[in-house]
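Take a look at the structure below.
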Amino acid sequence: RSRDTPTLVQSPARTMPQMERRTSAAAARVFLLAALVVGGSVAGSELPALGPLRGIAYGALPCTAQSCGGQQPSEDMLLGGYAKQWGPEGRDDLAIMAGLGANAVRLYHSLGLDIEESHAGFLDHAQATGLNVMAGFHTYGACPGFDCFETWKQAALQGFRQGFAQSGGWHPAVAALILLNEPDFMGASPMCQPSGAAWCRVKAALSALDGVLAAEKEAGVSAGRVRLTVTWSFGISTSIDGQVTGPGIFGFQDMVAGIADPQIAHYTPRSTQADLQQAFSTRWVHGLNTQSPWSFVDAMISKNYARFLPVPWFIGEYGANGQPATVIQSDLQAMQTRASEGTGFLGTAVFQFQTAHWKGGSELNFGLFRLGSEVLGETGEVCGEDGGCRTWPVHCLSAKLDWLPGSVGDRAQAVASAWNGTVA
2 RSRDTPTLVQ SPARTMPQME RRTSAAAARV FLLAALVVGG SVAGSELPAL
52 GPLRGIAYGA LPCTAQSCGG QQPSEDMLLG GYAKQWGPEG RDDLAIMAGL
102 GANAVRLYHS LGLDIEESHA GFLDHAQATG LNVMAGFHTY GACPGFDCFE
152 TWKQAALQGF RQGFAQSGGW HPAVAALILL NEPDFMGASP MCQPSGAAWC
202 RVKAALSALD GVLAAEKEAG VSAGRVRLTV TWSFGISTSI DGQVTGPGIF
252 GFQDMVAGIA DPQIAHYTPR STQADLQQAF STRWVHGLNT QSPWSFVDAM
302 ISKNYARFLP VPWFIGEYGA NGQPATVIQS DLQAMQTRAS EGTGFLGTAV
352 FQFQTAHWKG GSELNFGLFR LGSEVLGETG EVCGEDGGCR TWPVHCLSAK
402 LDWLPGSVGD RAQAVASAWN GTVA
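Just add 1 to wherever you are in the sequence shown, counting from 1, and you've got our numbering.
Here is the structure:
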């Protein structure tokens, strides 16, 4: 199951006012200073390389109620309406990430929700705080017959108009585009026949890639350093060509086989075969999401990865479900060491910055911070997919997920300890 899909199980979050972290704009600047001390970047300088990747997934909806009380706001966190959450005039979530030791922010619905609003403010602030942006396309965009070409092309073109393009290239903060998140779920669609067939997910991935390449060409936007990827689930499956079976890694082989012969997925590219192969060989990064400990992921992927080199890989969501702080810290340190060795592994993005209170259930197992009871201000006006627009309270953050046992709820401190950062 993709964690972009809300669960309907309710598990109320409790608050502990005495432990709430009262994050203000002034405190956020302290976090930013700490980030610079441990190797971040300053405005106007070059951003750090994507690897070794120390990323944090960001989908911080301001809702505290289940299903946002029936008024779910947009999941595009780059909107200016959320600036009081991510920006220096408010809670400054991006500076908090940098203070923890992160060098990247992973996003989910940055392109493809058809919202005509500038995203430049978020991208500029990410650049200023030294965070690479891994922008995600809205995975649930229209893909008739699993052909995502036109929808992804138009989403990228719209993104260029909204600040993703700058001076003939991508905005300097953008380091990667996550074209699809866990597209293996497409096999469950009634349109995918036979049920669960691999061609559906592979056609979607190939056509999404093709659409983005076409948008870059049409708009005259150079690729620069921007990597391209799909993050597969850690479910066990077999690749489209039957060559690889295993968790996540099946999708790596899906792309190898699909790029070599798109017809294996019943897809006819609009770009030339040479263009697809060039993009894959120079820009592609294999990706997967997992809740498992690093030792298990390492055993399942690394020992079988030589066939995919020199294309690197990364973990798009390290969930560490139910793990104590000591395990999270040691996992992140081990991943950082491995990523520094230059053997093909780029690093990880921790899932996730803020607990998804609005989803409830098992989603409350994740998050470095929860929303506290103190309200620091209000968002700007944010519209939902139903067209309704409103402001939302901006709550303070607490680094203690107090409904989880023992150190399992000390996730932010574990990340900061692993990455030589701080939770102030």
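Note that the Cβ used here is the ideal one computed from N, Cα and C, for glycine as well.
Model, not experiment: these values are computed from the prediction.
Please confirm whether residue i and residue j have their CB atoms less than 8 Å apart.
i           : j           : result
residue 351 : residue 424 : no
residue 171 : residue 203 : no
residue 301 : residue 263 : no
residue 162 : residue 103 : no
residue 148 : residue 199 : no
residue 106 : residue 121 : no
residue 186 : residue 253 : no
residue 132 : residue 99  : yes
residue 61  : residue 354 : yes
residue 66  : residue 359 : yes
residue 178 : residue 270 : no
residue 260 : residue 241 : no
residue 277 : residue 211 : yes
residue 356 : residue 402 : yes
residue 134 : residue 166 : no
residue 119 : residue 164 : yes
residue 320 : residue 291 : yes
residue 407 : residue 325 : yes
Just tell me which of the options has its CA closest to the CA of residue i.
i           : options               : result
residue 398 : 56, 52, 91 and 67     : 91
residue 314 : 213, 389 and 339      : 339
residue 94  : 381, 369 and 388      : 369
residue 85  : 108, 123, 66 and 266  : 123
residue 318 : 49, 311 and 287       : 287
residue 205 : 267, 411 and 354      : 267
residue 420 : 101, 87 and 65        : 101
residue 138 : 159, 395, 168 and 131 : 159
residue 365 : 251, 79, 245 and 410  : 410
residue 115 : 135, 136 and 156      : 156
residue 307 : 343, 174 and 234      : 343
residue 136 : 218, 145 and 111      : 111
residue 236 : 293, 333, 357 and 388 : 293
residue 140 : 97, 362, 225 and 76   : 76
residue 316 : 390, 145, 250 and 305 : 250
residue 346 : 322, 299, 332 and 329 : 299
residue 413 : 143, 333, 280 and 218 : 333
residue 80  : 125, 322 and 97       : 125
residue 143 : 169, 218, 164 and 113 : 113
residue 371 : 405, 109, 391 and 304 : 405
residue 305 : 197, 245, 193 and 194 : 245
residue 117 : 418, 195, 388 and 422 : 388
residue 335 : 218, 362, 297 and 363 : 297
residue 70  : 367, 422, 400 and 361 : 361
residue 234 : 217, 195, 225 and 188 : 188
residue 191 : 109, 63, 145 and 150  : 145
Would you please state the rounded distance, in angstroms, between the beta carbons of residue i and residue j? I believe it to be under 8 Å.
i           : j           : result
residue 348 : residue 82  : Incorrect: roughly 31 Å between the Cβ atoms, too far for contact.
residue 227 : residue 180 : Not a contact, Cβ separation roughly 12 Å.
residue 285 : residue 74  : About 33 Å; that fails the 8 Å criterion.
residue 295 : residue 209 : That belief does not hold up - the Cβ atoms of residue 295 and residue 209 are roughly 29 Å apart, past 8 Å.
residue 182 : residue 230 : 10 Å between Cβ atoms; not a contact.
residue 72  : residue 385 : 6 Å
residue 215 : residue 272 : 6 Å
residue 395 : residue 376 : 7 Å
residue 330 : residue 418 : 5 Å
Would you give the residue range spanned by the alpha helix (DSSP H) that residue i belongs to?
i           : result
residue 132 : Neither: residue 132 is in no alpha helix (DSSP H) and is coded neither H nor E.
residue 326 : 326-341
residue 420 : Segment: none, residue 420 is in no alpha helix (DSSP H) and carries neither H nor E.
residue 298 : 295-302
Which residue comes first and which comes last in the beta strand (DSSP E) that contains residue i?
i           : result
residue 253 : Segment 250-261 is the alpha helix (DSSP H) holding residue 253; no beta strand (DSSP E) there.
residue 271 : Residue 271 -> no beta strand (DSSP E), and no H or E assigned at all.
residue 265 : First-last for residue 265: undefined, no H or E at that position.
residue 290 : 285-291
residue 315 : 314-319
residue 346 : 346-351
For this session: Would you list, in sequence order, the uninterrupted alpha helix (DSSP H) runs of no fewer than 4 residues that lie entirely inside the segment 58-142?
Result: Correct list: 84-87, 94-101 and 121-129.
For this session: Return the chain-ordered ranges of every beta strand (DSSP E) run that is complete within the segment 137-188 and spans a minimum of 3 residues.
Result: 175-182
Problem set entry | 3 or more residues per run - each beta strand (DSSP E) lying fully within the segment 353-398 | 371-379
Exercise. Which runs of the alpha helix (DSSP H) fall wholly inside the segment 219-254 and span at least 4 residues, in chain order?
Worked result: none
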